[in-house]
Amino acid sequence: MFQTARSSDRSSSGDGFLGPKGQKSKSQISGGWPQGDRRWREPDYNAGPSVEALNACVANPHALTARAVASARAEESERPDSLFSDPLAYRLAGAEGKGRGVSLVVQRTRFMDDFLYDAFDNGIRQVVLLGAGMDARAFRLGLYEMHFFEVDQATIFDVKEPLVADVPLQAASRQWVAARVEDHKLGDKLVAAGLDPQKPSAWILEGLMMYLSPDQTSRMMAQIGRVAAPRSAVVHESLSDRYLDSGISYCGAKFTGCSDDYDDLWACYAGFNRSEMIDFSSVSIDRRQRMLKLHGPPISKSSIRGRVLMYFFTAWKI
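As structure tokens, this is what we get:
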């Protein structure tokens, strides 16, 4: 099963990010906040993106949430005791994302980083990031044998690709697919992009599920089930049903997807028949060891019912 607390040998260090074998990142990324904000940034890799690319804006509130999340990752990366290093985050946040990040992104990002390292350790060599947003894992985790597939709406890649064009991968490959996650041909599009449905895959749905309706969720899961081979794994953060009563929105994007039943849904629509749920509040940050620590066992569905709760959901196709 997925282990939440990990040693810090894969977290960032003062000398640069250490990958799974302890190798330092060779990426030196240019760009950052607009001129006048003297925040941390890595040395120039080369000339970097154009002014036009740095000033580009996304087209809608859902895409704006991705830039806000990048802002939170940038703030965390600035800390000497950070849980991860994301040198691209300032660039990917842009001016429109600056200052919009929320602290929960830190635990969520590290939790899903650890999930992907565990998948790699278990032999998985392809990962799909659904609702990828401004995710930079293909450039920062040092998983040089992993094939990355990013799926999101076109406006994300219109802004993102010019910002990362000069940055070397820390991956075997990276492909992006402009599509809605519930697209009825999503599986076919991923296979066309190079995903091998005969081999196990990891699926990261970070900051996605709360924006999907029940119908969108079931259609997305069915597509994943079509192309996820046995031994595949999926992770996302989740909100309990009671969250819908709160009427929450973020960057203007309303929360519409909350459920106590993701275990049954993933089993029914995608064949992920083994799952684990962890209360978000039981996952703490250990700054001294630069890792997450889990306090208490995984939770049951009965403990979620009737509560306003955020939880991590991980499932495996056994």
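Each residue of the sequence shown is one higher than the last, beginning at 43 in our numbering. We put the beta carbon where it would ideally sit given N, CA and C, even for glycine. Note that the structure is a prediction, hence the values are computed from the model and not measured.
Going by Cα to Cα distance, which pick from the options is closest to residue i?
i      : options                        : result
Thr107 : Arg316, Ala309, Ser291, Ser344 : Ser291
Arg273 : Asp160, Lys231, Leu211, Gln149 : Asp160
Leu171 : Gly165, Thr151, Asp163, Asn164 : Thr151
Pro256 : Gly267, Glu120, Asp238, Glu224 : Glu224
Met154 : Glu279, Met188, Leu205, Gln331 : Glu279
Ala295 : Phe322, Ala101, Ser127, Glu117 : Ala101
Phe355 : Leu286, Ser288, Arg261, Met252 : Met252
Gly313 : Met262, Gly173, Arg182         : Met262
Asn315 : Ala275, Phe297, Lys359         : Lys359
Trp308 : Leu334, Arg268, Cys293         : Arg268
Leu237 : Val350, Gly289, Glu192         : Glu192
Pro204 : Ala98, Met352, Tyr353          : Ala98
Phe297 : Val93, Met352, Val277, Glu187  : Met352
Val277 : Ser145, Ala137, Asp156, Arg133 : Asp156
Leaving out five residues on either side along the sequence, give the residues of the same chain with a beta carbon under 7 Å from the beta carbon of residue i.
i      : result
Ser113 : Ala135, Gly139, Lys140, Gly141, Arg142, Gly143
Pro340 : Glu318, Met319, Ile320
His337 : Ser324, Ser326
To the nearest whole angstrom, what separates the beta carbons of residue i and residue j, a pair I think is in contact under 8 Å?
i      : j      : result
Tyr311 : Ala264 : 5 Å
Gly299 : Val111 : In fact, because the Cβ distance is near 17 Å, the residues do not count as touching under 8 Å.
Leu247 : Ala213 : Rounded, the Cβ-Cβ distance is 19 Å, inconsistent with contact.
Ala105 : Ile198 : 5 Å
Ala275 : Ala174 : Between Ala174 and Ala275 the Cβ distance is about 17 Å, and since that is not below 8 Å, they are no contact.
Val206 : Leu130 : 7 Å
Gln168 : Leu334 : With 8 Å as the limit, Gln168 and Leu334 do not qualify as a contact, their Cβ atoms being about 25 Å apart.
Met176 : Arg121 : Actually they are not in contact, since the Cβ atoms of Met176 and Arg121 sit about 19 Å apart, beyond 8 Å.
Tyr285 : Val201 : In fact, because the Cβ distance is near 29 Å, the residues do not count as touching under 8 Å.
In chain order, what residues of the same chain lie with their CB nearer than 8 Å to the CB of residue i, ignoring the 5 residues before and after it?
i      : result
Asp302 : Ser282, Asp283, Lys343, Ile346, Arg347
Asp123 : Arg329, Arg330, Arg332
Gln240 : Ala271
Is residue i helix, strand or coil when you go by DSSP?
i      : result
Gln217 : strand
Arg150 : helix
Glu224 : coil
Glu248 : coil
Leu205 : helix
Val233 : helix
Val193 : strand
Met176 : coil
Lys343 : helix
Gln212 : coil
Leu134 : helix
Gln240 : coil
Val350 : coil
Leu158 : helix
Val144 : coil
Ala264 : helix
If you drop the 5 nearest sequence neighbours on each side, which residues of the same chain put their C-beta closer than 6 Å to that of residue i?
i      : result
Arg216 : Ala180, Phe190
Lys231 : Val219, Ala221
Ala196 : Ala220
Asp10  : There is simply no residue 10 to check, as the chain begins at 43 and stops at 360 in what is shown.
Ile166 : Pro242, Ala244
Gly229 : Gln265, Arg268, Val269
Ser260 : Tyr311
Is there at least one Cβ from chain C nearer than 8 Å to residue i's Cβ?
i      : result
Gly141 : Of the protein chains in this structure there is only one, and it is not chain C.
- request: Would you list, in sequence order, the uninterrupted alpha helix (DSSP H) runs of no fewer than 4 residues that lie entirely inside the region 89-125?
  value: 93-97, 103-119
query: Which parts of the region 274-332 are runs of the beta strand (DSSP E), unbroken and 3 residues or longer, counting only runs that do not cross its ends?
result: For the region 274-332, whole beta strand (DSSP E) runs of length 3 or above, ordered along the chain, are 275-281, 316-321, 325-328.
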